Amino acid sequence: MLILILLKQIAIMALLVAVGLLLSRKGFLSAQGTKDLGAILLRVVIPCVIVKSYITEFSRERLLELALSAGLALVGFILAMAAAYLAYGKRRRIENFAAAFCNAGFIGIPLVQAVIGEEGVFYVAASVALLNLFQWTYGVYIMTDRKDAISGRTIAKNPVVIAIVIGVVLFVSRVPVPGIVTSTLGYIAGMNTPVAMILMGTYMAKLPLRKLLDRRAYGCVLFRLVIIPVVILLAFWALPVQSADIAMAAFLAAATPVGVNICVFAQQYDCDYEFSVVTVCLSTLLSIVTIPLLASLAQMVL
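Pasting the structure below:
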């Protein structure tokens, strides 16, 4: 049943990717348009997804669930970053970044929604927040070797971090949110999967098929899609986690392909942009096989 749910969700994503590819190939979506869509996704859509997920009834149990989901996400990212650094260090910056950082927001949220339901977004929001926090600090350091990248100001300006602070405050304070605001957040949040997958299609449209045969990319991608998720799954199995749903949500987010933001960072910091696109596209394609298999394994273990 789980495999069928995942395959259905991945098939829907594939069709949305095809829409983006077609729009780009036909010239209906320009490079500037793609850049603007990415900015909207990062600065508006994903923050709305997170805030909306925290507009729920407060209880001590829910607060503990929030703490547990954040704790598991933190464990997952620490293991992923450590493994990626041991494998690639600073000598292969793109591979390090690609292996360390997953696509918890663009692909993880809709996958968790499909498997666990709306409740799952509440659990996976911590993964998305930590992903952005580490990408914009440790990730920038890996790309640039600049220690000043890890600063409080950088963290405070991140839209996703701001969103999770707002969401947690609303959740803990129990402030009633007007229905019109909740509905508006819901409409914007609903754009997450379509916009993200259409963007993925535009990246693929610009990539020659021969680039997907890069041997260097396969090693990095398999490390991200297989080795790191297995390490994280073993860690979750060893921990005394009481909620299988929370553990599954954190694991599904951690098992997603290379995060799309690697392309943004590679372009901004003059790293190998084309290779970064290869890692995103190749890992996304191969995840059609790896995610259902790993999710089935996790269902037996967790």
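Position one of the sequence shown corresponds to residue 6 (my numbering), numbered consecutively onward.
Virtual Cβ for every residue (Gly too), placed ideally from N, Cα, C.
Everything numeric in this text was worked out from a predicted model, so none of it was measured.
Minimum C-alpha distance to residue 300 - residue among 271, 240, 235 and 152: By one-based count along the sequence shown, residue 300 stands at place 295. Among 271, 240, 235 and 152, the Cα nearest to that of residue 300 belongs to 235.
Local Cβ density within 10 Å of residue 174, reported as buried at 16 or more and exposed below that: As a working note, residue 174 is residue 169 in the sequence shown. The residue is exposed, with fewer than 16 neighbouring Cβ atoms inside 10 Å.
Alpha carbon of residue 169 to alpha carbon of residue 213, nearest angstrom: Counting from 1 along the sequence shown, the entry for residue 169 is found at position 164. Counting from 1 along the sequence shown, the entry for residue 213 is found at position 208. Their backbone Cα atoms lie some 38 angstroms apart in a straight line.
Proximity of residue 226 and residue 287 at Cβ, strictly below 7 angstroms: Locating residue 226 in the sequence shown gives position 221, where the first residue counts as 1. Locating residue 287 in the sequence shown gives position 282, where the first residue counts as 1. Taking 7 angstroms as the cut-off, the Cβ atoms of residue 226 and residue 287 count as close.
Candidates 112, 101, 183 and 83, of which the one nearest residue 289 by Cα: Position 284 of the sequence shown holds residue 289. Of the listed residues, the one whose Cα sits closest to residue 289 is 112.
Supposed contact pair residue 210 and residue 26 - C-beta distance, whole angstroms, cut 8 angstroms: Walking along the sequence shown from the start, residue 26 turns up at place 21. Walking along the sequence shown from the start, residue 210 turns up at place 205. That pair is a contact at about 5 angstroms.
Between the CA atoms of residue 140 and residue 268 - distance to the nearest angstrom: Taking the sequence shown and counting its residues from 1, one reaches residue 268 at position 263. Taking the sequence shown and counting its residues from 1, one reaches residue 140 at position 135. Cα to Cα, residue 268 sits roughly 12 angstroms from residue 140.
Secondary structure, alpha helix (DSSP H): runs of 4+ residues fully inside the stretch 204-264: Qualifying alpha helix (DSSP H) stretches, in chain order: 220-227, 233-243 and 249-259.
Uninterrupted beta strand (DSSP E) stretches inside the stretch 134-212 (no shorter than 3 residues): Here no run is fully enclosed.
7 angstroms Cβ cutoff met for residue 207 and residue 47: For this step, residue 207 is matched to residue 202 along the sequence shown. For this step, residue 47 is matched to residue 42 along the sequence shown. Contact: no.
Residue from 70, 132, 178 and 306 with nearest C-alpha to residue 85: Stepping through the sequence shown from its first residue, residue 85 is reached at position 80. Nearest option by C-alpha distance: 132.
Rounded straight-line distance, which links the Cα of residue 271 to that of residue 99: As a working mapping, residue 99 is identified with position 94 in the sequence shown. As a working mapping, residue 271 is identified with position 266 in the sequence shown. Answer to the nearest angstrom: the Cα atoms are 8 angstroms apart.
Same chain only: Cβ atoms within 6 angstroms of residue 262, ignoring 5 sequence neighbours per side: Residue 262 sits at position 257 when you count from the first residue of the sequence shown. Answer for residue 262: 108, 288, 289 and 292, listed in chain order.
Beta-ladder partner(s) of residue 107, from DSSP: Position 102 of the sequence shown, counted from the start, is the residue given in the question as residue 107. In DSSP, residue 107 forms a bridge with 263.
Minimum C-alpha distance to residue 297 - residue among 243, 257 and 215: One-based indexing of the sequence shown puts residue 297 at position 292. Among 243, 257 and 215, the Cα nearest to that of residue 297 is on 257.
The alpha helix (DSSP H) enclosing residue 94, as first and last residue numbers: To locate residue 94, count along the sequence shown from 1; it is residue 89. Unbroken run through residue 94: none, as it is neither H nor E.
Rounded Cβ spacing between residue 254 and residue 128 (contact assumed at less than 8 angstroms): As a position in the sequence shown, residue 254 is number 249, starting the count at 1. As a position in the sequence shown, residue 128 is number 123, starting the count at 1. About 4 angstroms separates the two Cβ atoms, so the contact holds.
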